[in-house]
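Enquirer: In terms of my numbering, the sequence shown opens at residue 11 and continues consecutively. Glycine included, each C-beta is placed from N, C-alpha and C at the ideal position. The structure displayed is predicted, hence computed values, not measured ones.
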Amino acid sequence: MSTLLQIIYISRSTFNSTDSLNKIEPNVARILAKSRINNRKNGLVGVLYFGDGVFFQCLEGDEATINQLMSKLEADPRHQDLKVVSKKYINQLSFADWAMKFAPIDAKIGRFLKANGFERFDPYLFSEETVSKFLDELFYADDPTNAKGGSFLPRADVESATVQHSGQVRANLALMCSVLALVISILSLLAVKNLI
Numbered sequence: 011m012s013t014l015l016q017i018i019y020i021s022r023s024t025f026n027s028t029d030s031l032n033k034i035e036p037n038v039a040r041i042l043a044k045s046r047i048n049n050r051k052n053g054l055v056g057v058l059y060f061g062d063g064v065f066f067q068c069l070e071g072d073e074a075t076i077n078q079l080m081s082k083l084e085a086d087p088r089h090q091d092l093k094v095v096s097k098k099y100i101n102q103l104s105f106a107d108w109a110m111k112f113a114p115i116d117a118k119i120g121r122f123l124k125a126n127g128f129e130r131f132d133p134y135l136f137s138e139e140t141v142s143k144f145l146d147e148l149f150y151a152d153d154p155t156n157a158k159g160g161s162f163l164p165r166a167d168v169e170s171a172t173v174q175h176s177g178q179v180r181a182n183l184a185l186m187c188s189v190l191a192l193v194i195s196i197l198s199l200l201a202v203k204n205l206i
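1. Using CA atoms only, rank isn't needed, just tell me which of Thr13, Arg130, Leu15 and Phe65 is closest to Asn37.
2. Whole-angstrom Cβ separation of Met110 and Leu14, contact assumed at under 8 Å?
3. Is the distance from the Cβ of Val95 to the Cβ of Tyr19 below 8 Å?
4. Rounded to the nearest angstrom, how far is the Cβ of Phe25 from that of Arg121, given a contact under 8 Å?
5. Just list the residues that DSSP pairs Ala113 with in beta bridges.
6. Going by CA-CA distance only, name the one from Thr155, Arg40, Ile119 and Glu129 that's closest to Lys143.
7. How far does the alpha helix (DSSP H) with Ile20 in it extend, from its first residue to its last?
8. Roughly how many angstroms lie between the CA atoms of Glu139 and Gly56, to the nearest whole one?
9. CA-CA distance, Ile17 and Leu190?
10. Using the Cβ count rule (16 or more neighbours within 10 Å means buried), how would you classify Asp146?
11. Which residue comes first and which comes last in the alpha helix (DSSP H) that contains Gln90?
12. If you count every other CB in all the chains shown that lies within 10 Å of the CB of Cys187, and 16 or more means buried, which is it?
13. Quickly, what does DSSP pair Phe66 with across the bridge? List them, please.
14. How far does the alpha helix (DSSP H) with Thr140 in it extend, from its first residue to its last?
15. DSSP state of Gly127, grouped into three classes?
16. DSSP three-state label for Gly53, please.
17. Three or more C-beta pairs under 8 Å: does that hold for the segment 59-73 against the segment 98-106?
18. Rounded C-beta distance between Ser21 and Gln90? I'm assuming under 8 Å.
19. Between Arg50, Thr155, Ala201 and Lys97, which lies nearest to Ile115 when the distance is taken from Cα to Cα?
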């Protein structure tokens, strides 16, 4: 069994951003789309926030896979000043239902920043406690880019949802394997009878 890791990193973008309330910056939209494809393929989950030209991303999954991705991110010319602000082993995924959740710039995030003494989004100044509280804020944030909507699970239900999600994944995989075996059997039968 692989070791689950949660890593939170921050970085400054090298592109000129066009932050706007409840909208996604075009460069970030491309990064988000590619991340969702790659994360599904590699079994990673997480959340991404981008504001004031700064990325805040939490990644969860297999330790080796996350370490490989972090090496790529460190070499990515769209990021500078990349800094890991939290790295810990976890027993379960917090963002199991999102290949990459996106939290937009919105009034709720603005209130969080003001309540914690910040005029602008600058996670380089966040304490460890503020990083943790901001991650909780992102967990409950709405994701306007996801058809499911945003946060729909209270924190207490995360564990049961993770267990249900993994059970559903196993059931779906078993069903897909059965269907594939049936198709192969039918094709073999047709080939034997020279019908294909």
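Expert: Reading it off the structure:
1. Phe65
2. Incorrect: roughly 17 Å between the Cβ atoms, too far for contact.
3. yes
4. The pair is not a contact, with the Cβ atoms about 27 Å apart (cut-off 8 Å).
5. Bridge partners of Ala113: Tyr59.
6. When Thr155, Arg40, Ile119 and Glu129 are compared, the shortest CA-CA separation from Lys143 is found for Ile119.
7. Counting along the chain, Ile20 falls outside any alpha helix (DSSP H), though it belongs to the beta strand (DSSP E) covering Leu14 to Ser23.
8. 19 Å
9. 36 Å
10. Classification of Asp146: exposed, given that the 10 Å Cβ count is below 16.
11. No alpha helix (DSSP H) holds Gln90; the beta strand (DSSP E) holding it covers His89 to Tyr99.
12. With fewer than 16 other CB atoms across the displayed protein chains lying within 10 angstroms of its CB, Cys187 is exposed.
13. Ile20 and Tyr59
14. First-last of the alpha helix (DSSP H) with Thr140: Glu138 to Tyr150.
15. coil
16. coil
17. yes
18. 7 Å
19. Thr155
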